[in-house]
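Residue numbers (the working numbering), protein chains in the order written: chain R, 536 to 1057; chain F, 8 to 226.
Here's the structure, in structure tokens; my notes come after.
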Amino acid sequence: MKRIFFGLMVFGMVLGMIMLALHGKSTESTPLAKLNEQYAKKTKASVDHSMFQQLKKRFTKPQEVTAACISCHNGRHTEVMQSTHWNWERTEYIAGKGIRAIGKRNVLNNYCIGISGNQQSCNRCHIGYGYSDASFNFSDSLNVDCLACHDNSATYVKAIDGAGMPDKSVDLNFVAQRVGKPDRTNCGTCHFFGGGGNNVKHGDLEQALFDPTRDVDVHMASAGPDMQCVDCHTAQKHQMLGKMYSVSSMNRNRVECEHCHSAMPHADDVLNEHTYKVACQTCHIPIYAKVNPTKLNWDWSTAGKLKNGEPYEEKDSSGTDIYMSIKGSFVWGKQLKPDYIWFNGTASHYLLGDTLDPSKVLEINTLYGSYDDPDSKIYPVKIHRAKQIYDAENKYLIQPKLVEVKAGDGGFWKEFNWERADEEGMKQVHLPYSGQYGFVETEMYWPINHMVSLKEQSVQCAECHTRENGRLARVGGFYMPGRDYSTIVDRLGVGVLILTLIGVILHGTARVVVYRKRKDVK
Amino acid sequence: MKREYVYRAFERFWHWMQAMLILFLGITGFEIHGSIRFFGYDQAVRYHNTAAISFLILIVFAIFWHFTTGEWRQYLPTWKNLRAQAEYYVFGIFRNAPHPTKKTVLSKLNPLQKLVYAGLKALVIPVMVVSGLLYMFYRYPHRYEVLGLNVGGLEVIAVVHTIGAFLLVSFFVAHLYLITTGRTVTSNLKAMITGYEELPEESDEKKSSVEANEPVLTK
Chain R
536 MKRIFFGLMV FGMVLGMIML ALHGKSTEST PLAKLNEQYA KKTKASVDHS MFQQLKKRFT
596 KPQEVTAACI SCHNGRHTEV MQSTHWNWER TEYIAGKGIR AIGKRNVLNN YCIGISGNQQ
656 SCNRCHIGYG YSDASFNFSD SLNVDCLACH DNSATYVKAI DGAGMPDKSV DLNFVAQRVG
716 KPDRTNCGTC HFFGGGGNNV KHGDLEQALF DPTRDVDVHM ASAGPDMQCV DCHTAQKHQM
776 LGKMYSVSSM NRNRVECEHC HSAMPHADDV LNEHTYKVAC QTCHIPIYAK VNPTKLNWDW
836 STAGKLKNGE PYEEKDSSGT DIYMSIKGSF VWGKQLKPDY IWFNGTASHY LLGDTLDPSK
896 VLEINTLYGS YDDPDSKIYP VKIHRAKQIY DAENKYLIQP KLVEVKAGDG GFWKEFNWER
956 ADEEGMKQVH LPYSGQYGFV ETEMYWPINH MVSLKEQSVQ CAECHTRENG RLARVGGFYM
1016 PGRDYSTIVD RLGVGVLILT LIGVILHGTA RVVVYRKRKD VK
Chain F
8 MKREYVYRAF ERFWHWMQAM LILFLGITGF EIHGSIRFFG YDQAVRYHNT AAISFLILIV
68 FAIFWHFTTG EWRQYLPTWK NLRAQAEYYV FGIFRNAPHP TKKTVLSKLN PLQKLVYAGL
128 KALVIPVMVV SGLLYMFYRY PHRYEVLGLN VGGLEVIAVV HTIGAFLLVS FFVAHLYLIT
188 TGRTVTSNLK AMITGYEELP EESDEKKSSV EANEPVLTK
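Here it is, written out as structure tokens:
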């Protein structure tokens, strides 16, 4: 007995030592602590712009501010003028379509469709002054709007329908003397309101990020690292890192979590292994549109209804627009689970004039990727669906003229006449309009990158590794434990198990019966 | 009848450890498979991996034991009396007929046991170990840039592992029942716990209607 005991002890000890060796982990994840330390230090401006004489002389035009900026920061305007923030297009290779210059200038979307003919309103968010139509002079450096991005006073606003000119209320001297590194207020003023209102477009970029809690975004949390957009979207010579696949196609200049966190940031090997095929965002952004709703569906075909000859709006119980005469009907969503797709960083786009099949859902942007592609990972996306206007004879999407600049110019938002809006809008993009229009279903894919949650709130294993309604239920091309199984093997396996059980029970019962009988005979 | 020391200490330890590990691996494994819910998916994965590594270590010790003691010969399958043994379970057992093969220290497995256990040891367990290791580590070569070893997907590995799991669970059920088919209902169980079992002596052998199984071990 002693020997057995001793043997067991030795075996147990060996087992224990091997297990310990296999599970040895580093005690502290110092990289995260280092990052926290790094971003806790806030840089202080090295100069006080309010002291400069150049900024004290009375500015009457915003272009004078630009001239003053350039007088010291000479050459910077040329950097800005090479950026996509200025040009609203970049040269991209699109699979199957070749090298094309694409951007907000010429690519359509399924929200407010496109800027052509509507620049007076849309281009409020251009970083220039007076981009009111296609004739805008992109080589005039005085039209560069330095303040939109560099105002640190939070008082700079561009005028509604002002084609990028500042609002009358802006005190140009006050702003010019308080310039600095862009903060969330600068970027958010445009990027949080894309599509014509808060959080309409992205779903993960909205006004809650001006002053977010840690629950909304761990990085930008005011009571946290308080990171600014430009901490991740870093710039070299005014060329910002980061891109959006609504207007770009190539796998380059992307901001990646790995830039700070490394490709394998977990203490757990199983989790690290996931990073080969799963993007960080997939687990760490369990929900988007956390605070305010985002648009999920936009039906332009109902637009134009009038009450007593006047346009009107309908709101739901929470005060969100669900119908506007000028835009049609909307479906919004809040605290949404993203959709998931395989994505390798390249995309294709519907380009002006491409023919479409009205019986099918048209993908305005297509994100490429598959399990078999080693560059692909599973990414969270917001899918925005719409019914939008197209030329029923020429079979292509229509760029309607929406904004009225001059009375009688066809702007749909004043005249509510699709024929006129189509005719005038298509003139702007130099495409013929047949006079016949219809509404086609379209989809857009918006990768979700912001609103990273606390690690405690990240997606749990069983949310994907489950047979029923998992988050990745529709992501195909691979076998996922817990979700997938071979139907044949499972049926046969359960069959064998059940037959064994039945056999055992029958055999056992028979033995008992026989035993009892024999006992009775005795 | 004579009281004999049939199962040595390590053999019993190995047997019971293996039984517990297979049961535990079965529960955690079928949770990972999505068939049941018990520990929660993440815990099931962790437990399954830990139990799997424990099992591997146990297997290493067991292989060493089998070869150093020569006990592996007990598992060499034989055709001899295979039919008789099968017939015993189908008919003889109900007529209170004696076991067709005699259990001795040198030959403690009947021909059916030899066949099934050899199948487990030579086929099912190795397949489970290999597919299990691939399941656990199939992407790690990639991590060390040994791309030639990279496996494209889990499907084949997982399906093979699942087939093995169903076989093992079915074996487990049948085995639990067949424990009761010894000389008495509990004699096999007692033997595997204490190591000692009442075995028929030479003189008893003559009473056996069927020729005794030849000892394959010689000392």
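Ideal placement from N, C-alpha and C gives every residue a C-beta, glycine not left out.
{"Item": "Backbone secondary structure at Thr-1044(R) - three-state DSSP", "Value": "helix"}
{"Item": "Cβ contact (3+ pairs, closer than 8 Å) linking the region 593 to 605 of chain R and the region 617 to 637 of chain R", "Value": "no"}
{"Item": "As assigned by DSSP and simplified to three states, the class of Arg-635(R)", "Value": "strand"}
{"Item": "Short-range partners of chain F found in the region 990 to 1022 of chain R, where Cβ spacing is below 8 Å", "Value": "Gln-995, Cys-996, Ala-997, His-1000, Thr-1001, Arg-1002, Phe-1013, Tyr-1014, Met-1015, Pro-1016, Gly-1017, Arg-1018, Asp-1019, Tyr-1020 and Ser-1021"}
{"Item": "Top-ranked residue by Cα proximity to Phe-17(F), from Ile-39(F), Leu-140(F) and His-73(F)", "Value": "His-73(F)"}
{"Item": "Buried versus exposed call for Lys-778(R) [16 or more other C-beta atoms within 10 Å across all chains shown]", "Value": "buried"}
{"Item": "Close Cβ partners of Leu-776(R) (< 8 Å) along its chain, the five nearest in sequence each way excluded", "Value": "Cys-767, His-768, Thr-769, Ala-770, Asn-788, Arg-789 and Val-790"}
{"Item": "beta-carbon Val-180(F) near the ligand PLP non-hydrogen atom, thresh 8 Å", "Value": "Ligands in the displayed structure: none, and consequently the ligand PLP is not present."}
{"Item": "Minimum C-alpha distance to Val-679(R) - residue among Glu-614(R), Asp-718(R) and Ala-636(R)", "Value": "Glu-614(R)"}
{"Item": "Interface flag, Tyr-147(F) vs chain R, CB-CB below 9 Å", "Value": "Low confidence applies to Tyr-147(F): its pLDDT is 49, below 50, so where it sits in the model is not reliable enough to give any reading."}
{"Item": "Ser-651(R), enclosing alpha helix (DSSP H) - first and last residue", "Value": "It is not in any alpha helix (DSSP H) - Ser-651(R) carries neither H nor E in the DSSP assignment."}
{"Item": "Val-679(R), DSSP secondary structure in three states", "Value": "strand"}
{"Item": "9 Å Cβ cutoff met for Tyr-96(F) and Thr-188(F)", "Value": "yes"}
{"Item": "For Pro-967(R) and Tyr-147(F), the rounded distance between their alpha carbons", "Value": "Confidence in Tyr-147(F) is poor, its pLDDT being 49 and thus under 50, which makes the residue's placement unreliable; the coordinate value appears in the next sentence. Roughly 57 Å separates the two Cα atoms."}
{"Item": "Cβ of Tyr-875(R) within 9 Å of any chain F Cβ", "Value": "no"}
{"Item": "Residues that Pro-701(R) bridges to, as DSSP identifies them", "Value": "Lys-693(R)"}
{"Item": "Distance between beta carbons of Val-964(R) and Asn-653(R), contact taken as under 8 Å", "Value": "The Cβ separation is near 11 Å, so there is no contact."}
{"Item": "Spatial neighbours of Asp-834(R) in its chain, beta-carbon cut-off 6 Å, leaving aside the 5 residues before and after", "Value": "Gly-863, Ser-864 and Lys-922"}
{"Item": "Separation of Leu-1032(R) from Ala-181(F), as counted between CA atoms", "Value": "9 Å"}
{"Item": "Cα-Cα separation between Ile-861(R) and Lys-569(R), rounded to whole angstroms", "Value": "51 Å"}
{"Item": "Reference Ile-913(R); option with closest CA among Asn-929(R), Thr-890(R), Phe-878(R) and Tyr-925(R)", "Value": "Phe-878(R)"}
{"Item": "Cutoff 9 Å: Gly-47(F) Cβ touching any chain R Cβ", "Value": "yes"}
{"Item": "Gln-870(R), buried or exposed, once every other Cβ within 10 Å from all chains shown has been counted against 16", "Value": "exposed"}
{"Item": "Gly-1032(R): contacting residues in chain F (beta-carbon distance under 8 Å)", "Value": "The identity of residue 1032(R) in the sequence shown is Leu, whereas the question assumes Gly. Neighbours of Leu-1032(R) on chain F, chain order: Phe-173, Val-176, Ser-177 and Val-180."}
{"Item": "Alpha carbon of Met-135(F) to alpha carbon of Ile-29(F), nearest angstrom", "Value": "11 Å"}
{"Item": "Where Pro-148(F) falls: helix, strand or coil (DSSP)", "Value": "Note on Pro-148(F): pLDDT 45, under 50, position unreliable in the model; the coordinate value appears next. Looking at Pro-148(F) - three-state DSSP - the assignment turns out to be helix."}
{"Item": "Beta-carbon proximity of Ile-924(R) to Val-1010(R), cut-off 9 Å", "Value": "no"}
{"Item": "Closest by C-alpha distance to Gln-763(R), when choosing among Pro-828(R), Cys-684(R) and Met-785(R)", "Value": "Cys-684(R)"}
{"Item": "Classification of Glu-212(F) by the beta-carbon crowding that lies within 10 angstroms, buried from 16 upward", "Value": "Because the pLDDT of Glu-212(F) is 49, which lies under 50, any placement of that residue in the model is unreliable, and the number read from its coordinates should be weighed accordingly. So Glu-212(F) counts as exposed."}
{"Item": "Backbone CA spacing between Ile-605(R) and Ser-676(R) [nearest angstrom]", "Value": "9 Å"}
{"Item": "N- and C-terminal bounds of the beta strand (DSSP E) containing Ala-756(R)", "Value": "Run containing Ala-756(R): none; DSSP gives neither H nor E here."}
{"Item": "Inter-residue Cα distance where the pair is Leu-119(F) and Lys-110(F)", "Value": "13 Å"}
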